[in-house]
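*Asks:* Quick one: this structure, given as structure tokens, is what I'll be asking you about.
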Amino acid sequence: MNKKAEGKIGKLTFVGGFALILIGGMTKIMWIAYVGVFLLIMGAVIDRVLKI
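Residue numbers (the working numbering): 5 to 56.
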């Protein structure tokens, strides 16, 4: 995998997580927000790991 694709995976995970948190907050469905938080953390971790 090239660097550009790896950077996008981290960003997509991060953005996806953020979107899920917003959706969860609006609909008051807590597990959606929890999945969003998990994705947000995963996106940040993936981003950090791949930058090294």
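We treat Cβ as the ideally placed atom computed from N, Cα and C, and that holds for glycine.
As the structure is a prediction and not an experimental result, all values here were calculated from the model.
Excluding the five sequence neighbours on either side, which residues of its own chain have a C-beta within less than 8 Å of the C-beta of M46, listed in chain order?
*Replies:* Only T17, G21 meet the Cβ criterion.
*Asks:* For I33, does the three-state DSSP call read helix, strand or coil?
*Replies:* I33 falls in the coil class under three-state DSSP.
*Asks:* Would you please state the rounded distance, in angstroms, between the beta carbons of L24 and I36? I believe it to be under 8 Å.
*Replies:* Confirmed, Cβ separation roughly 6 Å.
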